[in-house]
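**Student:**
Chains as they are written, first to last, in my numbering: chain A, 5 to 100; chain B, 632 to 1097.
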């Protein structure tokens, strides 16, 4: 199994905005270790001189006009999806 | 079993009605609840749309190519009439403010969405056991998995609830459940169908396709859905047009690495039999090597989690979705996400965070993207000689519910046949190819060169007839 500590898991959880409980940290430590060991095998493959592939279509710089389409979904419908809203705005806990 | 075009003709000529087809589909859906294939039904909207179509027929107006056809969408498609949950808790009561382009296009031709099917939450999985609402059961053997992640759509197609159902396929999520339930399932060339309005998983390999019980229906549905969409900048200029059943001898390569000792004997046997049928139909079939394939699953489980960690960052309990109680914003994010995602979502998000971290980026992510180029080049070389490549769709028939859930890496191996074409963006079609001695379905996968979707379907059409 790949070497990954509980602190590593907590750090990854923080990077991922996940509040894990201690049992989850332990379970994920084992799972992530096994997955990292498996995907780590790829390091043995010789890729020298290869360019990376990020997409396969060959399409480049697909542009559209920068116009607002009110017909897709209106403000009221979108605000209604927010768990909390007030005065036409999404409400969140104090940030600063 | 009638084809879609026969049923549409019956609706258009008044031999049957859209309402009667929709009522039948809804009744059939209610009769199979023990399979847990559907998360919601959209009765009210579906029946109203059916009546609208029947009224057009009565008035002598034109109806579309899919007039009155009931269908089911995987619950990661935004569609009206029921929530879009992605089988997750965080989107439990998310009512989509718009519909996916694919759904809109089908509806514009008169098709009628009757419900939304179960999946692995956010399409992360190969068995539909990662649904926050419980697993879907296999259409042939309820003690086994439906496959996944589009398990619900495969099962409703196999159980004759609807003539076709939509799925998404990022690394096998249409093809593998098609194989496990004995129906056709296609993953088109990357960029064929707009993903607008579909919950994103891994944007560089996400595709939209369908399940159906015969190849003519697959062709018709794909023909309606395919095409460039200004709302999805990755869609290709229109290229797809169905071909007649193939009639010329093709060169077909069976990928040696997919029929080796690690593959279930029943699957190898079914593949051999399909090869014999291809030869009998006049095709040349050789065994070909694709050694880079052995590295494809590792590439996939680096690239895909990286993209998942980015795509799933948007689910934070702020603008939509379930919000956990919290006194600070950081707590709100962390708790909403912890409660709203299933374990497999968390594994993938965290692996993604890991491989994208500074210090690991070059070793994992960049290495995988370079390896992906090797894979694409290897396919390209094979397609210089061969028209179509062949492999099993999955290394085994459907496995037992609970059999692989404790070992994520073992579960990932169920994707080993389907992941390589996904990384290369190639079209791939799972074709029913017999059963095990216990009657479990087995599928074979036809893989084509980029944009050769129509050729795959025309070959499948020929094989359906011989």
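From the three backbone atoms N, C-alpha and C, an ideal C-beta is built for every residue, glycine too.
Would residue 1050 of chain B pass as a contact of residue 912 of chain B if the rule is Cβ separation under 7 Å?
**Tutor:** no
**Student:** If residue 1086 of chain B and residue 1040 of chain B are in contact, beta carbons under 8 Å, what's the gap, nearest whole angstrom?
**Tutor:** Not confirmed; about 35 Å, so no contact.
**Student:** Three or more C-beta pairs under 8 Å: does that hold for the region 686 to 701 of chain B against the region 848 to 861 of chain B?
**Tutor:** yes
**Student:** Along the region 52 to 79 of chain A, where does the CB come closer than 7 Å to a CB of chain B? Name the residues.
**Tutor:** Answer in chain order: 54, 55, 56, 57, 58, 59, 60, 61, 63, 66, 68, 76, 77.
**Student:** How about residue 931 of chain B and residue 757 of chain B: do their beta carbons lie closer than 7 Å?
**Tutor:** no
**Student:** Taking just the CA atoms, how far does residue 768 of chain B sit from residue 663 of chain B?
**Tutor:** 10 Å
**Student:** Quick test of the definition: if touching needs 3 or more C-beta pairs under 8 Å, does the region 869 to 887 of chain B touch the region 736 to 751 of chain B?
**Tutor:** Cβ pair count under 8 Å is below three, so no.
**Student:** Of all the CB atoms in chain B, is at least one closer than 7 Å to the CB of residue 45 of chain A?
**Tutor:** yes
**Student:** Please list, in chain order, all residues of the same chain as residue 67 of chain A whose beta carbon is under 7 Å from its beta carbon, the five residues on each side excluded.
**Tutor:** none
**Student:** Do the CB positions of residue 1064 of chain B and residue 1075 of chain B come within less than 7 Å of each other?
**Tutor:** yes
**Student:** If I'm right that residue 702 of chain B touches residue 797 of chain B with Cβ under 8 Å, what's the distance once you round it to whole angstroms?
**Tutor:** 7 Å
**Student:** Alpha carbon to alpha carbon, how far is residue 24 of chain A from residue 18 of chain A? Give it in angstroms, no decimals.
**Tutor:** 9 Å
**Student:** Just to confirm, does residue 1012 of chain B get its C-beta within under 6 Å of one of the non-hydrogen atoms of the ligand FMN?
**Tutor:** With respect to the ligand FMN, the structure shown offers nothing to examine, as it has no ligands at all.
**Student:** Please report the distance separating the alpha-carbon of residue 651 of chain B from that of residue 713 of chain B.
**Tutor:** 21 Å
**Student:** Taking only runs that begin and end inside the region 755 to 815 of chain B, name each unbroken beta strand (DSSP E) of 3 or more residues, in chain order.
**Tutor:** For secondary structure counted as the beta strand (DSSP E) over 3 or more consecutive residues, the region 755 to 815 of chain B holds these complete runs in sequence order: 795 to 800.
**Student:** Any beta-carbon of chain B closer than 7 Å to the one on residue 16 of chain A?
**Tutor:** So yes, residue 16 of chain A belongs to the interface.
**Student:** With DSSP run on the structure shown, which of helix, strand or coil describes residue 10 of chain A?
**Tutor:** DSSP places residue 10 of chain A in helix when its eight states are reduced to three.
**Student:** Which residues, in chain order, does the region 714 to 729 of chain B contribute to contact with chain A at a C-beta distance below 8 Å?
**Tutor:** Residues passing the 8 Å Cβ filter: 725, 726, 728, 729.
**Student:** Count the C-beta pairs between the region 769 to 778 of chain B and the region 1055 to 1073 of chain B that are closer than 8 Å, then say yes if the count reaches three, no if not.
**Tutor:** yes
**Student:** In terms of residues, what are the limits of the beta strand (DSSP E) holding residue 1061 of chain B?
**Tutor:** 1059 to 1066
**Student:** Taking the runs of the beta strand (DSSP E) that are 3 residues or longer, which of them lie wholly in the region 699 to 728 of chain B?
**Tutor:** 701 to 705
**Student:** Using a Cβ cut-off of 9 Å, pull out every chain A residue sitting near residue 964 of chain B, in sequence order please.
**Tutor:** 21, 22, 23
**Student:** Could you name the residues of the same chain whose beta carbon sits closer than 8 Å to that of residue 7 of chain A, not counting the 5 residues immediately before and after it, in chain order?
**Tutor:** Counting only residues of its own chain and dropping the five nearest sequence neighbours on each side, residue 7 of chain A has a CB closer than 8 Å to the CB of 37.
**Student:** What ranges does the beta strand (DSSP E) occupy inside the region 872 to 902 of chain B, keeping only unbroken runs of at least 3 residues that lie completely in it?
**Tutor:** 882 to 886
**Student:** Applying the criterion that 16 or more other CB atoms from any shown protein chain within 10 Å of the CB defines a buried residue, is residue 952 of chain B buried or exposed?
**Tutor:** Only buried fits residue 952 of chain B, as 16 or more other CB atoms lie within 10 angstroms of its CB.
**Student:** With respect to the beta strand (DSSP E) encompassing residue 917 of chain B, which residues constitute its N-terminal and C-terminal limits?
**Tutor:** 915 to 919
**Student:** Step through the CB atoms of chain B and report whether any lies within less than 7 Å of the CB of residue 100 of chain A.
**Tutor:** no
**Student:** According to DSSP, is residue 693 of chain B part of a helix, a strand, or is it coil?
**Tutor:** coil
**Student:** Closer than 7 Å, Cβ to Cβ, to anything on chain A: give me those residues from the region 854 to 876 of chain B, in chain order.
**Tutor:** 861, 864, 865, 867
**Student:** Against residue 92 of chain A, what residues of chain B qualify as contacts under a CB-to-CB distance less than 7 Å, listed in chain order?
**Tutor:** Residues of chain B passing the Cβ test: none, with the nearest at roughly 13 Å.
**Student:** Identify the contact partners of residue 1000 of chain B in chain A, using a Cβ-Cβ distance below 8 Å as the criterion.
**Tutor:** What residue 1000 of chain B touches in chain A, judged by beta-carbon distance under 8 Å, is 56, 57, 58, going in chain order.
**Student:** I'd like to know whether the C-beta atoms of residue 973 of chain B and residue 937 of chain B end up nearer to each other than 7 Å.
**Tutor:** Between residue 973 of chain B and residue 937 of chain B, the gap from beta carbon to beta carbon reaches 7 Å or more.
**Student:** What is the residue span of the beta strand (DSSP E) that residue 1075 of chain B lies within?
**Tutor:** Under the DSSP assignment, residue 1075 of chain B falls in the beta strand (DSSP E) whose first and last residues are 1072 to 1079.
**Student:** So which residues of chain B does residue 96 of chain A contact, with C-beta pairs closer than 8 Å?
**Tutor:** 949, 960, 963
**Student:** Name the chain A residues whose beta carbon is nearer than 8 Å to that of residue 1009 of chain B?
**Tutor:** What residue 1009 of chain B touches in chain A: nothing, since even the nearest Cβ is about 12 Å away.
**Student:** Grab me the residues of residue 923 of chain B's own chain with a C-beta within less than 6 Å of its C-beta, minus the 5 sequence neighbours each way, in chain order.
**Tutor:** The residues are 1005, 1006, 1009.
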